Structure formats: structure tokens, C-alpha cells
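Here our numbering = 1-based position in the sequence shown + 633. Yeah, the Cβ is synthetic: ideal placement off N, Cα and C, and Gly gets one too. All figures in this text were calculated on a predicted structure; none of them were measured in a lab.
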Amino acid sequence: MSGARRKARRRAVEVLYEAEVRNISVEEVIGRRRAQPEPPINEFTEQLARSIDEHRRRIDDLLDTYAIGWTLERMPVVDRNILRMGAYELLWAEDIPDAVAIAEAVGVAKELSTDESPNFVNGLLSRLMENKAKLAL
């Protein structure tokens, strides 16, 4: 189960990444992915990508606020989108424990990004978790 979930999370990050790089909507990317038989896009991936996109402005504000020494614009696009996913699951997905949200984001960072990215993702999401109670959602 967790392997399938990790793959779905990775695909959601890929959807967000493509939307950002091509400057098109998440919905448009999902539509394109649905039109291609391979690889199939599953319901969890679609739901996650849409939910992250829906909360994106607030997520970006939080990432900008809690990233020490980094601005959102300076972060690599893939890291920015992994962090958006992790922040969304940490703060809004009530069925996902905090530690799982962070571990999954770190896992996706290991698969998709640089050697430094997992530590960066872990640190920033941990700061959000520590401040979760006072973050107005």
C-alpha cells in the first residue's frame, strides 16, 4: 500500500511540476495525463494535486515564512513542489499522521531531487510541524 501511495505522491509532484514549468493549470495537466493510457493517473494522485493547488497560496506563504535563508523563488522547482505536497499533507490531510507526511515528502525528495534536498525538506516541514498549532489554516 505505502509503495503505491508513494508512487501516487511522486506523480502528484510531477503534475504540479509540469503545471508550473509549462505555466498551465493543474487541471490541464491532469486532463493531458488522463488522455494518455500510460502511465495511468490514479484518483489519489488527482485528488492530492488538486488539493495542493487549492491551498497553494497559503502553502507558499508558509514555506516562504519558514524557509531559513531561502525564498520560494530560489528553491528548485521540484523541491518547491515536494514541499507543497508535504505542507499540504501535514496541515490539511487529517487522515495522514504528521510523521508520515514528512517521511513521504523526504522519500519523494530522495527519488526526484538532489542529495541535499531530503534534509532541506525534512527541516522545513519539521519547522511547520512544530508551529502547526499556531498556524491559522
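Put residue 679 into one of helix, strand or coil per three-state DSSP.
On the sequence shown, residue 679 is found 46 positions in, with the first residue counted as 1. If DSSP states are grouped into helix, strand and coil, residue 679 belongs with the helices.
Neighbour-count burial assignment, residue 719, 16 or more Cβ in a 10 Å radius:
Reading the sequence shown from its first residue, position 86 is the one you call residue 719. Residue 719 is buried by the Cβ-count criterion.
Spatial distance of residue 759 from residue 713 (CA atoms)
The residue you call residue 759 lines up with position 126 of the sequence shown. The residue you call residue 713 lines up with position 80 of the sequence shown. Distance between the alpha carbons of residue 759 and residue 713: 15 Å.
For the alpha helix (DSSP H) containing residue 663, name the first residue and the last one.
As a first step, residue 663 must be located in the sequence shown, where it is residue number 30. Secondary structure note for residue 663: its alpha helix (DSSP H) is the uninterrupted segment 659-668.
Give the secondary structure of residue 752 by DSSP, where H, G and I count as helix, E and B as strand, and everything else as coil.
Working through the sequence shown from its first residue, we reach residue 752 at position 119. It is helical.
Please report how far the alpha carbon of residue 765 lies from the alpha carbon of residue 669, in whole angstroms.
What you label residue 765 is simply residue 132 of the sequence shown in a count that begins at 1. What you label residue 669 is simply residue 36 of the sequence shown in a count that begins at 1. Cα to Cα, residue 765 sits roughly 39 Å from residue 669.
Within 8 Å, do at least three Cβ pairs link the region 728-743 to the region 637-654?
yes
Nonlocal neighbours in the same chain, by C-beta distance under 8 Å from residue 728, ignoring five residues either side
Here residue 728 refers to the residue found at position 95 of the sequence shown. The answer is none, since no qualifying residue turns up.
Status (buried if at least 16 other CB within 10 Å, exposed otherwise) for residue 749
Numbered from its first residue, the sequence shown carries residue 749 at position 116. Per the 10 Å Cβ criterion, exposed.
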